[in-house]
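Residue numbers (the numbering used here), protein chains in the order written: chain Y, 61 to 1015; chain H, 8 to 594.
We put the beta carbon where it would ideally sit given N, CA and C, even for glycine.
Beneath this line is the structure, given in structure tokens, with notes to follow.
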């Protein structure tokens, strides 16, 4: 075929009109894309799912030539071909559709035949109306719902509707067997909790082995409820929304139009508004669509066209939002008066804080004050927080929770590549041919990304999991390297050794784009592999097989989490991963790269905005003269300004653990904490509490009276993400718009407003908080934000760096690294001090992580029905350890370390190896951080949460 | 279908399929005598939980797949599985009117709760078919149920005629020397090695005119070629040859005949398909209702393996038998593939076709037993100008339908059994050879439940080939012939066809899932006098099923029903609202 004819536009005819076709698309996609007037109705189709072809409502007439014989074909699974003639609404097709819908209605309750068009119609009802079915001619016959067994709700009452679960609902009397729920559970979430039982007419949807939702392994992602066209599978919030919509519709029908408008005016029937925003639960950055009426949230769904999550999200984003109007919300500033936190006015609070800070500053200097910003807050708020500390207070004592999670990632990747952020986009998972997952449990901690990885792996993409825990994805891994916690560097060096010794390095890439290879290679080849295998407790042949497979893959993508960073060798392990990436040239194109799974929703943004003691907004060094000048100019600080040049901070400030030490030693007098519960979440709780108690002034900006807030001198009630505007930056550098769904709770202010008013109270003229203008200010300071405006972010945001012309960046380091050449770093494995010092007395290693249902300190999730899904932190104990210690399943055990002890419930599980224990840290009742230690990463001071020497005994 | 489940099944391979574990763990359960019902259901649940974990699938997947089949028990006693005896309720036995007696005897022997039902044991030549302890019986066997039960005489007295009109039989030819039979493969595999050479062989196959004998009549050579092309000609690529031996069409037993009496012909065809497509594994999906076929095929495979061991032939091809579990729809090729994978055997959409993405998502050839059975003949004497199998094969028939066809004749014929005829043979010739009918016949149901109902007046017109049948508004299908006796009421026969479809519908597409039940109800209501049939509504229903169904089950059953409505209009008319009254809306 000549090039010219290849380029000829392929086309087909839709109801007689010619339209271009796209390679591989179905007739349905072609028709929908080409003409929006002749809509082909469907019931079983969901564009995110594989074509299924069960409802047959999408049938069309197909002819190969204009007047040729026509054949009825289902458009959803028949590919369009060049020259085809498609007739979407011929007489026999319309009749066929009508007859099929009539059959469907013959197996549904009579009331499901909709009377008229309405905005509250379900998808099914819309199709019924579109096809024009107005009666069912069959005499009442068998109803398939008759074979559905009853289930018991939480009160023990038997019902056809499954109401056993805190969120999920199922009413099979409305089910039309389209199987979209089953397919969503399989093809989107990858859980396969739903399937179908029986065959023929009596097929029905089941959960697990025909158990209730509550007894099933359902992870409550809600994908089934969102795709169900009839409401047969639903959830408590969606049901509530439907109820409101229906009553709204009813009132419209009952009254005359004038009366209705009158009512509208009197705001009794406020229309339901849909507001798009970004979830604040993790670094995935799912887009959410919030349904709001009268300043009340009714329900949350995931927009189908969202680039990040395409209509999917997890139970936290979709269902765990009721904390926003929980009765425990703080609703007034509190100041400690006579040792008791007492409600005060905002004016009083600002004045009080300003007075105390000014006095501390004049007595002890700016560096006696420190701030901890929040990765839960917007970029704009983080920018303001660091600006206040640096420009108004005059100190670099500003840090954020990245310190305790991904600071080693930022540090290590900067050292290796020049940029401390994910090199690729999550969407690249579609293109990759190999996945390396280290120290991360994304199906629990980053559920939507986890689901994408799982989908890919189930379909055959090879996966290496390096993790001490047998995580959900480890079950599916081709190689699960179940190492001893704390030995990442040993295993990663073993992999490098095998890649080099098997001659599988990408020599061209190494020659052209890297430096320091020779010395690195020498050091690696000198390693004693048997010794390392012994240290890590792994089979060296397994590591070899995995390394060889990884190196041989064309496009391998790596992901890592806190299982890499929260170690004494955290930063070094990051550079070891980067070494593997450089050895194999897996960087700078689609489907490869090194991708940290960022923990909190805006932890990337908090660091980007300069909430770090050593780098300001945009990552310029705080000690470098040029960058100091840059910042001074951009913040418009002059000799004569209110805050003058002479008090500009020029030295690196305290990292969070250093803040605690300084507080204990008396060097730090005041600490302002924005939205973080350090008492519950930072390691070695006794130490943290003692430090905070030693401060002169502790200011906590929070939504609930957290364990930290309880110790504060001043508590300032902030707001949730549902009440504020701004931007979050997700783990793939995507800056997305956060839009307020409801007004701030009475008595509360947005965190941005609080900081701005505080700056003003301290004498700095900062303009009132407004997301758009703040973003403009940021784009002038942070170079990689230069092309970002509130407007051009659009619905799906932009991935930084964004050029002035608005072009964003999906993949970093394409032709050159940010630092020029990629740099190899060799680090030898070093045993943690925690183990060396405590091993003999505390022979077990405890490692901690999150579960799916709860988020960090549980501040939010524990104030939702997620609490009833998982209501305690349990300790996983290997069966062998359990039997040698006489521990039985679900019994209480005492867990103790050199720092402290707790008592918790044991669960015997083969997810942990002998000698390793695992638990989560969501429940303040437990306070797992009483036992965690104070060893930190050498380079970044990130705490070693993942390795704690402990002992256990049955109680 | 689920790509995820196909690929998860692929990880475990053909020797460790979830489906076979369900089928065989079920027979393990049946050994659990004296276990109370609740407890045995719990045992099943626990087993399925373990299986789900092992296969990395959801428990719902395992439960959902198991619940599809007639013969996989869920541990409760309500299921049709693990009965002591089964009564055949296929169309042929129904027409022979033998089953009331059979059921009576079995119920008396075992009690009604211990007698299940099965749709067609392939004993249509003798009728009176039933199963005890996994062995099939028919004809006069019912008189010795006691001896069968106490194991003193368990052999069936089955006998049927096998005849042919061909001077040189193809499918019914005896295979006397197995080693010699496979020499042909040895010669061909040494002679044809490169892709070009294999394509030459495929050209020969196309030239023979062989078309799939499962009913659809797709050119076999074309199918094999597309499988060869898929993934390129690569030694490493994973491909499968699947023999569809799920002969579920009531009235048909020619596949059973081949597997029981000519298994090497089938294995040879699969072996050649492997050579010509690059596949290394042959899977025979044999229905559970054919225990003897499974036994004989197993025996033949071990003989083949012995030839490999003895180095009589050189091949790394291997066979695997998958035993079905009672579901008619598994005869549909995509449902069959899903069944092997342990998914619910519901029909998949096409494309992709099995040759592109079949078993475990790999390129797969699926052919009927009889199709494979013709391969040895076609490839014999390949280099002979005049006497080659190809030229002899294509010389038979009408040019479009070539070669020979096995025809199954049921108990309505004087000499029931299997007859091999050249394509194009007159139907009347076959009836004559079979000695005519034993009783008054008013129509022939040819080609299984989805084949046409041919009234006696149309018999003259028909010859055994795809074209003659479709041109006259019928279907050759599998060429099984059931005689519908004068005594059979056609209204009952339609109700029977709807009932069969409703029982066997996979439940995926609405026209078949709901339409078959509504159709069954319309006829039942008419028969019991509750409600006459609205002809317009019935016509809409049949059109909806025919045009709208996903596969040939829902799409095919309107054909025999329409045949009956056309040719036996007077007989069924009393059950219908008169045209006039429907027009005015009266009842």
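- Any Cβ of chain Y closer than 9 Å to the Cβ of residue 237 of chain H would place that residue at the interface, and such an atom is absent.
- When secondary structure is reduced to three states using DSSP, residue 51 of chain H falls in the helix class.
- A Cβ-Cβ contact shorter than 9 Å links residue 510 of chain H with residue 260 of chain Y.
- In the DSSP annotation of this structure, the continuous segment of the alpha helix (DSSP H) that includes residue 814 of chain Y starts and ends at 811 to 821.
- Classified as buried, residue 434 of chain Y has 16 or more neighbouring CB atoms from the shown chains inside 10 Å of its CB.
- Shown here for residue 523 of chain H: same chain residues with a beta carbon closer than 6 Å to its own, the five before and five after excluded, namely 505, 508, 509, 512 in chain order.
- Contacts between residue 198 of chain H and chain Y, judged by CB atoms closer than 9 Å, are missing: the closest CB pair is about 35 Å apart.
- Residue 665 of chain Y is positioned such that its CB atom lies no closer than 9 Å to that of residue 508 of chain Y.
- Using a CB distance cut-off of 9 Å, residue 530 of chain Y does not count as an interface residue toward chain H.
- The Cβ atoms of residue 157 of chain Y and residue 117 of chain Y lie closer than 9 Å to each other.
- With a threshold of 9 Å between beta carbons, residue 294 of chain H makes no contact with chain Y.
- If only complete runs of 4 or more residues are kept, the region 457 to 516 of chain Y shows the alpha helix (DSSP H) at 467 to 476, 502 to 505, in order along the chain.
- Listed along the chain, the chain Y residues whose CB falls inside 8 Å of the CB of residue 541 of chain H are 197.
- Relative to the Cα of residue 436 of chain Y, the nearest Cα in the group Y/831, Y/229, Y/621, Y/662 belongs to Y/662.
- Judged by their CB atoms, residue 434 of chain H and residue 409 of chain H are not nearer to each other than the 9 Å cut-off.
- The contact set of residue 263 of chain Y on chain H, defined by CB atoms closer than 7 Å, consists of 514 in chain order.
- Taking a beta-carbon distance threshold of 9 Å, residue 511 of chain H counts as an interface residue toward chain Y.
- Here residue 977 of chain Y carries a strand assignment [DSSP, helix/strand/coil].
- When only Cα atoms are considered, residue 191 of chain H and residue 239 of chain H end up about 26 Å apart.
- For the set Y/441, Y/449, Y/101, Y/365, the Cα lying nearest the Cα of residue 708 of chain Y is the one of Y/449.
- Taking a Cβ-Cβ cut-off of 7 Å, the neighbours of residue 519 of chain Y in chain H comprise 10, 11, 14, given in sequence order.
- In the assembly as shown, residue 458 of chain Y is a buried residue. Its beta-carbon has 16 or more other beta-carbons within 10 Å.
- Comparing alpha carbon positions, the residue from H/230, H/131, H/248, H/317 closest to residue 281 of chain H is H/248.
- In the three-state DSSP reduction, residue 550 of chain Y falls in the helix class (H, G or I).
- Residue pairing by DSSP places residue 367 of chain H opposite no residue, since no beta bridge is assigned to it.
- Closer than 9 Å to the CB of residue 521 of chain H there is at least one CB belonging to chain Y.
- About 23 Å separates the beta carbon of residue 484 of chain H from that of residue 514 of chain H, a gap too long to meet the 8 Å contact definition.
- A distance below 6 Å between beta-carbons, with the five flanking residues on each side excluded, links residue 211 of chain H to the following residues of its chain, in chain order: 397.
- Between residue 752 of chain Y and residue 729 of chain Y, the C-beta gap is not smaller than 9 Å, which leaves the two residues out of contact.
- Residues of the region 64 to 83 of chain H with a Cβ closer than 7 Å to any Cβ of chain Y, in chain order: 64, 65, 66, 67, 68, 70, 71, 74, 75.
- Not a single C-beta of chain H is nearer than 9 Å to the C-beta of residue 105 of chain Y.
- Between residue 532 of chain Y and residue 510 of chain Y, the C-beta spacing is below 9 Å.
- With its beta carbon at least 9 Å from every one in chain Y, residue 327 of chain H lies outside the interface.
- Residue 822 of chain Y sits away from residue 778 of chain Y, with the two beta carbons spaced by 9 Å or more.
- Close partners of residue 525 of chain H in chain Y (Cβ separation under 7 Å): 163, 166, 198, 201.
- Residue contact with chain H for residue 494 of chain Y: absent (no Cβ-Cβ distance below 9 Å to any residue of chain H).
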